[in-house]
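Chemist: Quick note: to get my numbering, add 208 to the position in the sequence shown (first position is 1). Have a look at this one before I ask anything.
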Amino acid sequence: MKLEIMKKILLILIAFIFASSPVFAIEDDYSDSPFWEDKEEELVLCEKSLKEKLNDVYHLEVEQIDKPHFLLTEILTKKHSEDSIWETTQLWTGYNADWTEYISENGSTDNHYNIYAINVGLDGKLKNNNADYRIMLHYTPDSNRDFVQNLFADVYVATNKIPHHRVWLGNSRPRVGYEGGYSPYTLPFMLRSQISRNFGSVRRLGARITGDYSLVDYDLGIYNSSTYFQSFFPGTDFIGWINFKPLGLTDGKYGKINIGGGLHAGEQDVNYQVAGAYLGYEYKKMLLNFEWANADGYNGPAGYAINKKATGFYSTLAYRFTPKVQGLIRYDEFDPNKNVSNNKNREYSLGLNYFIKGQALKLVFNYVFCQNDSVKNSHRLMFGTQVLL
């Protein structure tokens with residue numbers, strides 16, 4: 209009943225925003241793209257030859273790593289004519305994979321080439337910042353789903369019609385946990401933490417509203433409880449997350465602090481819920497964070513788990529030695545079923561990221577020691593590559 213009331217309230221809010229709000233421009237996750245550049249600069253870019261644009265890509269230096277940057281933005285972005293309702297459209301593609309060597313406790317080895325993301329996307333923006341859309345196709349093979357279920361990833365329209373806010377309609381990745389809402393192209397390690405791998409990182413069909421202020425940001429939405437278009441509305445999910453930023457008005461002088469928490473509550477035959485909390489501090493080249501989550505049933509990437517009580521946490525320390533080199537360490541603990549004793553999985557990770565051109569072109573090395581209560585311990589050596597065009 210509560211979910212139905214929340215659903216009606218959110219739909220009324222969205223209808224009001226689309227119908228009556230003035231138009232404003234806000235900063236977005238894709239501010240690197242020409243969508244947000246000055247129009248005069250766009251005209252200059254259009255006058256460049258293909259050879260000149262490729263030369264710019266070769267000499268490009270990207271220091272920002274908290275947002276994805278695409279190498280061929282200038283080449284694959286089209287600016288439409290004055291009489292068109294469209295301002296720009298951008299084609300892009302992304303690839304993320306690694307070669308992993310598995311070493312068991314008894315010394316036996318195995319290796320695999322793992323593909324985590326093969327994406328092709330099309331982003332479009334209406335003039336006057338009225339709305340934008342994204343269509344992202346996901347070609348990564350998955351044995352648990354058929355080709356069509358796995359194909360459509362981000363498929364949404366969005367608008368920035370009120371200041372500091374963004375309204376989304378369609379299929380997108382909601383924030384189930386702090387790291388669970390990350391793009392795969394901005395993760396510090398090749399793999400997400402165990403709580404994110406089990407509880408979060410799933411795209412859902414629904415409506416959401418995000419807000420971003422100096423001292424607080426939030427993400428609230430109502431979604432179909434089915435994932436990957438496997439069934440038609442078997443239930444409803446509410447997913448909400450809020451971050452408080454106590455140093456948000458200091459312009460980074462003392463660093464950045466994020467204190468966050470959220471809830472994923474839904475139903476599919478029975479009710480389930482996941483609660484989480486996050487604390488992070490970033491100062492100059494250093495990042496330290498901690499995230500915890502507890503589930504009484506959950507609906508994550510591995511599927512729908514009813515009556516399964518699970519919990520976990522992780523902590524990461526990262527330091528950027530140079531603009532191109534970042535080192536990381538992480539402790540990650542997960543209990544997949546609290547009703548079963550001696551069942552915890554612990555991962556001790558070391559990471560090294562080499563940003564050739566930010567997140568657009570990077571090399572990754574991860575070492576993971578897996579200490580398990582119920583199975584033999586093991587080691588993983590991971591050599592990864594990421595390319596965004």
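Ideal Cβ placement from N, Cα and C applies to all residues, glycine included.
Pairing CB atoms from the segment 330 to 348 with CB atoms from the segment 390 to 397, are three or more of them under 8 Å?
Modeler: no
Chemist: Can the beta-carbon of Met590 be found closer than 8 Å to that of Asn574?
Modeler: Along the sequence shown, one-based indexing puts residue 590 at 382. Along the sequence shown, one-based indexing puts residue 574 at 366. Yes, Cβ-Cβ distance for Met590 and Asn574 is below 8 Å.
Chemist: Out of Gly332, Asn319 and Gly508, which has the shortest C-alpha to C-alpha gap to Lys286?
Modeler: By one-based count along the sequence shown, residue 286 stands at place 78. Cα-wise, what sits closest to Lys286 is Gly332.
Chemist: Leu280 and Val265 look like a contact to me (Cβ under 8 Å); what is the Cβ gap, rounded to whole Å?
Modeler: As a working note, residue 280 is residue 72 in the sequence shown. As a working note, residue 265 is residue 57 in the sequence shown. Rounded, the Cβ-Cβ distance is 7 Å, consistent with contact.
Chemist: Where do the ends of the alpha helix (DSSP H) carrying Glu290 lie?
Modeler: Counting from 1 along the sequence shown, the entry for residue 290 is found at position 82. Here Glu290 belongs to no alpha helix (DSSP H), and DSSP marks it neither H nor E.
Chemist: Do three or more CB pairs link the segment 519 to 529 to the segment 485 to 496 at distances below 8 Å?
Modeler: The segment 519 to 529, when compared against the segment 485 to 496, does touch it at the 8 Å Cβ threshold.
Chemist: Under 8 Å, with one C-beta from each stretch per pair, do the segment 482 to 489 and the segment 364 to 374 reach the 3-pair mark?
Modeler: By the Cβ rule, the segment 482 to 489 does not count as touching the segment 364 to 374, because fewer than three pairs are nearer than 8 Å.
Chemist: Under the assumption that Asn358 contacts Tyr436 (Cβ atoms under 8 Å), give the Cβ distance between them as a whole number of angstroms.
Modeler: Numbered from its first residue, the sequence shown carries residue 358 at position 150. Numbered from its first residue, the sequence shown carries residue 436 at position 228. That pair is a contact at about 7 Å.
Chemist: Could you have a look at Lys275 and say whether DSSP puts it in helix, strand or coil?
Modeler: The count along the sequence shown starts at 1 and reaches residue 275 at position 67. Lys275 falls in the coil class under three-state DSSP.
Chemist: Do Phe360 and Gly508 have their C-beta atoms within less than 8 Å of each other?
Modeler: Against the sequence shown, residue 360 aligns to sequence position 152. Against the sequence shown, residue 508 aligns to sequence position 300. Contact flag unset, no.
Chemist: Between Asn547 and Cys578, how many whole angstroms is the CB-CB distance? I'm expecting something under 8 Å.
Modeler: Position 339 of the sequence shown, counted from the start, is the residue given in the question as residue 547. Position 370 of the sequence shown, counted from the start, is the residue given in the question as residue 578. So it is not a contact: roughly 22 Å between Cβ atoms.
Chemist: Look at His288 and Glu282 and say whether their C-beta atoms are less than 8 Å apart.
Modeler: Taking the sequence shown and counting its residues from 1, the one referred to as residue 288 is at position 80. Taking the sequence shown and counting its residues from 1, the one referred to as residue 282 is at position 74. No; because the gap between Cβ atoms is not below 8 Å, this pair is not in contact.
Chemist: How big is the Cα-Cα spacing for Ile273 and Asp425?
Modeler: Locating residue 273 in the sequence shown gives position 65, where the first residue counts as 1. Locating residue 425 in the sequence shown gives position 217, where the first residue counts as 1. If I take the Cα positions, the gap works out to 20 Å.
Chemist: Just list the residues that DSSP pairs Ile370 with in beta bridges.
Modeler: Counted from its first residue, the sequence shown places residue 370 at position 162. For Ile370, which the question treats as bridged, DSSP gives no partner whatsoever.
Chemist: Taking just the CA atoms, how far does Ala473 sit from Ser582?
Modeler: As a first step, residue 582 must be located in the sequence shown, where it is residue number 374. As a first step, residue 473 must be located in the sequence shown, where it is residue number 265. Whole-angstrom Cα-Cα distance: 30 Å.
Chemist: For the segment 428 to 447 and the segment 398 to 405, state whether three or more C-beta atom pairs, one from each stretch, are separated by less than 8 Å.
Modeler: no
Chemist: Val356 lies in the alpha helix (DSSP H); which residues open and close that run?
Modeler: Taking the first residue of the sequence shown as position 1, residue 356 is located at position 148. Here the alpha helix (DSSP H) through Val356 covers Phe355 to Leu359.
Chemist: In three-state terms, what does DSSP make of Leu345?
Modeler: Indexing the sequence shown from 1 puts residue 345 at position 137. Three-state result, Leu345: strand.
Chemist: Please tell me whether Leu423 and Phe452 are closer than 8 Å, where the distance is taken between their beta carbons.
Modeler: As a working mapping, residue 423 is identified with position 215 in the sequence shown. As a working mapping, residue 452 is identified with position 244 in the sequence shown. Yes. Within cutoff.
Chemist: Find the nearest neighbour of Thr519 within the set Tyr321, Gln298 and Gly505, judged by alpha-carbon distance.
Modeler: If you number the sequence shown from 1, residue 519 lands on position 311. With distances taken between Cα atoms, Thr519 lies closest to Gly505.
Chemist: Does DSSP put Ala377 in a helix, in a strand, or in coil?
Modeler: As a working mapping, residue 377 is identified with position 169 in the sequence shown. Contrary to the premise, residue 377 reads as Leu rather than Ala in this sequence. Correct three-state label for Leu377: strand.
Chemist: Can you tell me which of Glu490, Thr524 and Ile447 puts its alpha carbon nearest to the alpha carbon of Glu499?
Modeler: Counting from one through the sequence shown, the residue named residue 499 turns up at place 291. Per the Cα distances, Thr524.
Chemist: Three-state secondary structure (DSSP) at Thr593?
Modeler: Here residue 593 refers to the residue found at position 385 when the sequence shown is read from its first residue. The answer is strand: DSSP assigns Thr593 an E or B state.
Chemist: Going by the CB atoms, is the gap between Ile293 and Ala305 shorter than 8 Å?
Modeler: Stepping through the sequence shown from its first residue, residue 305 is reached at position 97. Stepping through the sequence shown from its first residue, residue 293 is reached at position 85. Cβ distance not < 8 Å, so Ala305 and Ile293 don't count as in contact.
Chemist: With 16 as the cutoff for other CB atoms within 10 Å, does Val375 come out buried or exposed?
Modeler: Start at 1 with the first residue of the sequence shown, and residue 375 comes out as number 167. Burial call: buried.
Chemist: Select from Asn337, Gln567, Gly468 and Lys464 the residue whose C-alpha is nearest the C-alpha of Gly592.
Modeler: For the purposes of this step, residue 592 is taken as the residue at position 384 of the sequence shown. The shortest C-alpha separation from Gly592 is found at Gln567.
Chemist: In or out: Lys461 buried (at least 16 other Cβ within 10 Å) or exposed?
Modeler: The sequence position of residue 461 within the sequence shown is 253, counting from 1. The residue in question, Lys461, is exposed, as its Cβ has fewer than 16 Cβ neighbours within 10 Å.
Chemist: For the alpha helix (DSSP H) that contains Leu262, what are its first and last residues?
Modeler: Taking the first residue of the sequence shown as position 1, residue 262 is located at position 54. Leu262 -> alpha helix (DSSP H) spans Leu258 to His267.
Chemist: Cβ of Glu490 within 8 Å of Cβ of Gly468?
Modeler: As a position in the sequence shown, residue 490 is number 282, starting the count at 1. As a position in the sequence shown, residue 468 is number 260, starting the count at 1. For Glu490 and Gly468, no; Cβs fall outside 8 Å.
Chemist: Give me whichever residues DSSP pairs with Arg554 in a beta bridge.
Modeler: Counted from its first residue, the sequence shown places residue 554 at position 346. BP columns for Arg554 point to Glu541 and Gln579.
Chemist: Is it right to say Ser371 is buried, meaning 16 or more other beta carbons lie within 10 angstroms of its own, or is it exposed?
Modeler: Start at 1 with the first residue of the sequence shown, and residue 371 comes out as number 163. Checking the displayed sequence, the identity of residue 371 turns out to be Pro instead of Ser. Burial is judged here by how many other beta carbons sit within 10 angstroms of a residue's own beta carbon; Pro371 has fewer than 16 and is exposed.
Chemist: Express the C-alpha separation of Asp291 and Val533 in angstroms, rounding to a whole number.
Modeler: As a working mapping, residue 533 is identified with position 325 in the sequence shown. As a working mapping, residue 291 is identified with position 83 in the sequence shown. Their Cα atoms are separated by approximately 46 Å.
Chemist: Hey, Leu413 and Gly378: beta-carbon distance below 8 Å or not?
Modeler: Here residue 413 is taken as the residue at index 205 of the sequence shown, counted from 1. Here residue 378 is taken as the residue at index 170 of the sequence shown, counted from 1. Yes, the Cβ-Cβ distance between Leu413 and Gly378 is below 8 Å.
Chemist: Out of curiosity, what's the CA-to-CA distance linking Lys275 and Leu569?
Modeler: The residue you call residue 275 lines up with position 67 of the sequence shown. The residue you call residue 569 lines up with position 361 of the sequence shown. C-alpha of Lys275 to C-alpha of Leu569: approximately 13 Å in a straight line.
Chemist: With respect to 7 Å, is the separation between the Cβ of Gly332 and the closest non-hydrogen atom of the ligand SAM below this value?
Modeler: In the structure shown, the ligand SAM is absent, as is every other ligand, since no ligand is present at all.
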